[in-house]
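Under full-length UniProt numbering, the residue at position 206 of the sequence shown is numbered 206, and the numbers go up by one with no gaps.
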Amino acid sequence: MWGPSLRLIRRALVFPPLTSTTSRGGILSLQIPPRPLLPYKNPTQLELPRFTGAAMPLLLLAAARPCAPLLAPSAAGAVVGRPSAARPLGRGTRSGAGAAAAVAAEKTVVKAAEEEEEGGGGGEYDAIVVGSGIGGMVAATQLAAKGARVLVLEKYVIPGGSSGYYRRDGFTFDVGSSVMFGFSDKGNLNLITQALEAVGHKMEVIPDPSTVHFHLPGDLSVLVHREYDDFVTELVNKFPHEKEGILKFYGTCWKIFNSLNSLELKSLEEPLYLFGQFFQKPLECLTLAYYLPQNAGDIARKFIKDQQLLSFIDAECFIVSTVNALQTPMINASMVLCDRHFGGINYPVGGVGGIAMSLADGLVDKGSEIRYKANVTNVILENGKAVGVRLSNGKELFAKTVISNATRWDTFGKLLKVEELPEEEKNFQKNYVKAPSFLSIHMGVKASVLPADTDCHHFVLEDDWANLEKPYGSIFLSIPTVLDPSLAPEGHHILHIFTTAGIEDWEGLSRKDYEKKKELVATEIIKRLENKLFPGLQDSIVLKEAHQKHTEDFLREMMVLMDPCHGSIDGLYCVGDSCFPGQGGSCVLIELQLILDWNKDLLY
Numbered sequence: 001m002w003g004p005s006l007r008l009i010r011r012a013l014v015f016p017p018l019t020s021t022t023s024r025g026g027i028l029s030l031q032i033p034p035r036p037l038l039p040y041k042n043p044t045q046l047e048l049p050r051f052t053g054a055a056m057p058l059l060l061l062a063a064a065r066p067c068a069p070l071l072a073p074s075a076a077g078a079v080v081g082r083p084s085a086a087r088p089l090g091r092g093t094r095s096g097a098g099a100a101a102a103v104a105a106e107k108t109v110v111k112a113a114e115e116e117e118e119g120g121g122g123g124e125y126d127a128i129v130v131g132s133g134i135g136g137m138v139a140a141t142q143l144a145a146k147g148a149r150v151l152v153l154e155k156y157v158i159p160g161g162s163s164g165y166y167r168r169d170g171f172t173f174d175v176g177s178s179v180m181f182g183f184s185d186k187g188n189l190n191l192i193t194q195a196l197e198a199v200g201h202k203m204e205v206i207p208d209p210s211t212v213h214f215h216l217p218g219d220l221s222v223l224v225h226r227e228y229d230d231f232v233t234e235l236v237n238k239f240p241h242e243k244e245g246i247l248k249f250y251g252t253c254w255k256i257f258n259s260l261n262s263l264e265l266k267s268l269e270e271p272l273y274l275f276g277q278f279f280q281k282p283l284e285c286l287t288l289a290y291y292l293p294q295n296a297g298d299i300a301r302k303f304i305k306d307q308q309l310l311s312f313i314d315a316e317c318f319i320v321s322t323v324n325a326l327q328t329p330m331i332n333a334s335m336v337l338c339d340r341h342f343g344g345i346n347y348p349v350g351g352v353g354g355i356a357m358s359l360a361d362g363l364v365d366k367g368s369e370i371r372y373k374a375n376v377t378n379v380i381l382e383n384g385k386a387v388g389v390r391l392s393n394g395k396e397l398f399a400k401t402v403i404s405n406a407t408r409w410d411t412f413g414k415l416l417k418v419e420e421l422p423e424e425e426k427n428f429q430k431n432y433v434k435a436p437s438f439l440s441i442h443m444g445v446k447a448s449v450l451p452a453d454t455d456c457h458h459f460v461l462e463d464d465w466a467n468l469e470k471p472y473g474s475i476f477l478s479i480p481t482v483l484d485p486s487l488a489p490e491g492h493h494i495l496h497i498f499t500t501a502g503i504e505d506w507e508g509l510s511r512k513d514y515e516k517k518k519e520l521v522a523t524e525i526i527k528r529l530e531n532k533l534f535p536g537l538q539d540s541i542v543l544k545e546a547h548q549k550h551t552e553d554f555l556r557e558m559m560v561l562m563d564p565c566h567g568s569i570d571g572l573y574c575v576g577d578s579c580f581p582g583q584g585g586s587c588v589l590i591e592l593q594l595i596l597d598w599n600k601d602l603l604y
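As structure tokens, then:
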């Protein structure tokens, strides 16, 4: 359910999002994006167009799609402004010093969003970025750091999208995932750290001593420790007869990971880049090429025979990709299964929303702009080239390049007219296959219901391995207040619960039936957690928060490449979770420098 992953040589890999997004208040968060592109049963079989010339590969978004349940977007337009200083978002730091600053920061954001625009720049920009999710913010800050004049347009009042936050009754909730890769200080995969450093920012983080605690059929309980040796020891103790197989499978993962981590992560599909990398590190490149078409399930079966252990590896892959090991590419699985030990999971103090806030501050520091309550309704084309955007208030803004952080469907379905769509886009929209959807529940509970040694992240599949990929079959739970108590009032914890849900179960319902079904499903999910992990959970709830989306507006997740040299719209680029390789904090940042290395014309 989280998926930092790699661009692979002209291959599209399918990972639905860990979370979905929300827009209205209520009891729980229903997230039902349709399935991503899966034109073949084996996702590694999908061929993509070859990049040539100075085609711009894509930056990638952290989680699902932009959303802010704080305020509705305004049609009036935006202001130019700094969202806040880079500071914690929670109730306060552990020392208690951050509370007033955090509140002041949020007031600054809202005040800026409510002011009337008074010009704020003008003329042509080097780039306009539509949306301030992590993909959009990284694209903007990387360009600004190189001297470009960039304008980010965000229709809500804070940046972040699915890496944003919202507050209710003293609780600070992450909109999306609380599992954060990319914050380490070593290797080439510390991509969030690198993105922040590019604009002179750094965030305080809290190391998570574990990645996830699995609660599986047959009373199998496995804690994925931060330290690799501790994890392997625990797994071998559960399956002593498979010690050799365990070491060989995870050893293969490390061989792949070390190859990835030794390369400067730009693009593994650019021929010139690969040519240069091969001569510098031929063994590493050959290793990646060998494992590129292989899936994790087949590799595991070479070394492991125990069916329960193979099912455990299915669960390991499921939280990465929402598919089993046989459908998860080995390179992608290896990146996640090893980086959790190499760089580890680290939670930003004050909440995940601080990442986008820090990037927005860095953008302004570099002389560029971000405007809030700026609702882009159209991309302006001249002679088939993107030259600017039109806001809902009729104002037009122009740039040499337009970068859309909206989903592919919103970009081509709303921001462009049907007659403007490239033929390849029309064909794609006829052929994609939908991804699993998610039901998400944000809750505030009394701290007394959780044991003192509770882990931050849990994956629950109680009775039958066959239910792993079925709707509502498994439950993923994050409790970020285990790491950062400042996110909740004293004596309380935050629970963020996800489970897969099929959109077909929710289509055609009246609003009343829709709300009733959500409440019934949520009650059942909470009851399951109460029975498995936390007795008395239902009675401990002090807050349940709902964010809904209409079924016709559910996010469509897929992994695609758009190459302007192969029929796409000149001057228009897409970043985000609906671009290959998809969602996941590290996915967003893999191509940090490639946008400039291969597209000097964006600046000149």
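Even glycine gets a Cβ: it sits at the ideal position worked out from N, Cα and C.
So the candidates are the options; which of them puts its Cα closest to the Cα of residue i?
i: residue 624; options: Leu520, Gly350, Glu124; result: Nothing in the structure corresponds to residue 624, since the chain is present only between 1 and 604.
i: Pro451; options: Gly491, Ile403, Lys305, Thr211; result: Gly491
i: Tyr125; options: Val402, Asp513, Leu487; result: Val402
i: Cys253; options: Gly297, Ile525, Glu424, Glu264; result: Gly297
i: Gln308; options: Ala466, Lys146, Asp513, Ile569; result: Ala466
i: Gly200; options: Asn261, Glu469, Ser358, Phe214; result: Ser358
i: residue 613; options: Leu415, Val336, Gly362; result: Examination of residue 613 is not possible in this model, given that the chain is present from 1 through 604 alone.
i: Lys470; options: Ile441, Ala195, Ala315, Gln294; result: Ala315
i: Val376; options: Lys155, Val150, Val138; result: Lys155
i: Phe214; options: Tyr472, Cys456, Glu515; result: Cys456
i: Arg167; options: Ser510, Leu529, Ser486; result: Ser486
i: Ser448; options: Lys430, Val542, Leu509; result: Val542
i: Phe438; options: Lys518, His493, Leu196, Thr172; result: Lys518
i: Glu530; options: Asn190, Lys414, Gly394, Glu462; result: Glu462
i: residue 637; options: Asp513, Trp409, Glu425, Met203; result: For the chain, the structure presents residues 1 to 604; residue 637 sits outside this window and is missing.
Since residue i sits in a beta bridge, which residues does DSSP pair it with?
i: Arg149; result: DSSP lists no partner for Arg149.
i: Phe279; result: None; Phe279 has no bridge partner.
i: Val205; result: Pro348
i: Asp168; result: The sequence as given places Arg at residue 168; Asp does not occur at that position. Answer is Phe171.
i: His225; result: Ser210
i: Ile403; result: Val129, Tyr573
i: Leu216; result: Leu220
i: Arg301; result: DSSP, once it has assigned bridges, lists no residue as partnering Arg301.
i: Gly160; result: Gly133
i: Asp396; result: In the sequence as presented, Asp is not what sits at residue 396; that position holds Glu. Per DSSP, Arg390.
i: Val379; result: Val389
i: Asn295; result: Pro329
i: Ile541; result: Val445
In its own chain, which residues sit with a C-beta less than 7 Å from the C-beta of residue i, not counting the 5 before and 5 after it?
i: Leu495; result: Met443, Val445, Leu477, Ile479
i: Ala300; result: Phe249, Leu310, Ile313, Ala325
i: Ile526; result: Leu537, Gln538
i: Val224; result: Ser210, Thr211, Val212, Phe231, Arg340
i: Phe239; result: Ile246, Asp306, Leu309
i: Asp365; result: Val199, Gly200
i: Val236; result: Lys243, Ile246
i: Ile259; result: Rather than Ile, the amino acid found at residue 259 in this sequence is Ser. Taken in chain order, the residues that qualify are Glu284, Thr287, Leu288.
i: Tyr347; result: Ser178, Met180, Val205, Ile206, Asp208, Pro480, Leu483, Asp484
Tell me which residues share the same chain as residue i and place their Cβ nearer than 6 Å to its Cβ, disregarding the 5 neighbours each side in the sequence.
i: Val152; result: Val129, Ser132, Ala140, Ile370
i: Ala386; result: Val379, Val402, Ile569, Gly571, Leu572
i: Gly123; result: none
i: Ser404; result: Val130, Thr411, Cys574
i: Gly160; result: Gly353, Ala356
So, at 8 Å on beta carbons, what are the nonlocal neighbours of residue i in its own chain, with the 5 sequence-adjacent residues on each side left out?
i: Glu396; result: Ile380, Gly388, Val389, Arg390
i: Glu382; result: none
i: Leu196; result: Lys202, Met203, Ile355, Ser358, Leu359, Gly362
Under 8 Å by Cβ, that's how I've got residue i and residue j pegged, so tell me the actual separation to the nearest angstrom.
i: Ala488; j: Gly170; result: 7 Å
i: Gly344; j: Ser184; result: 6 Å
i: Asn261; j: Asn332; result: 14 Å between Cβ atoms; not a contact.
i: Thr233; j: Arg340; result: Not confirmed; about 16 Å, so no contact.
i: Lys400; j: Ala198; result: Going by Cβ atoms, the distance from Lys400 to Ala198 rounds to 21 Å, so no, they are not a contact pair.
i: Ile304; j: Phe459; result: That belief does not hold up - the Cβ atoms of Ile304 and Phe459 are roughly 20 Å apart, past 8 Å.
i: Asp174; j: Val352; result: 4 Å
i: Lys281; j: Leu263; result: 7 Å
i: Met137; j: Ala406; result: Their Cβ separation, rounded to whole angstroms, is 14 Å, which puts Met137 and Ala406 out of contact at 8 Å.
i: Ile441; j: Lys373; result: The pair is not a contact, with the Cβ atoms about 29 Å apart (cut-off 8 Å).
Is residue i close to chain B, meaning its C-beta is less than 7 Å from at least one C-beta of that chain?
i: Asn261; result: In the displayed structure, chain B is absent; only one protein chain is listed.
Contained beta strand (DSSP E) runs [length at least 3] in the region 471–512, N- to C-terminal order = With a minimum length of 3 residues, the continuous beta strand (DSSP E) runs that stay inside the region 471–512 are 475–478, 492–501.
ask   = Which whole runs of the alpha helix (DSSP H) in the region 306–363 are 4 residues long or more, in chain order?
value = Counting only runs of 4 or more, we get 307–321, 330–342.
key: Uninterrupted beta strand (DSSP E) stretches inside the region 408–460 (no shorter than 3 residues)   = 437–446, 457–460
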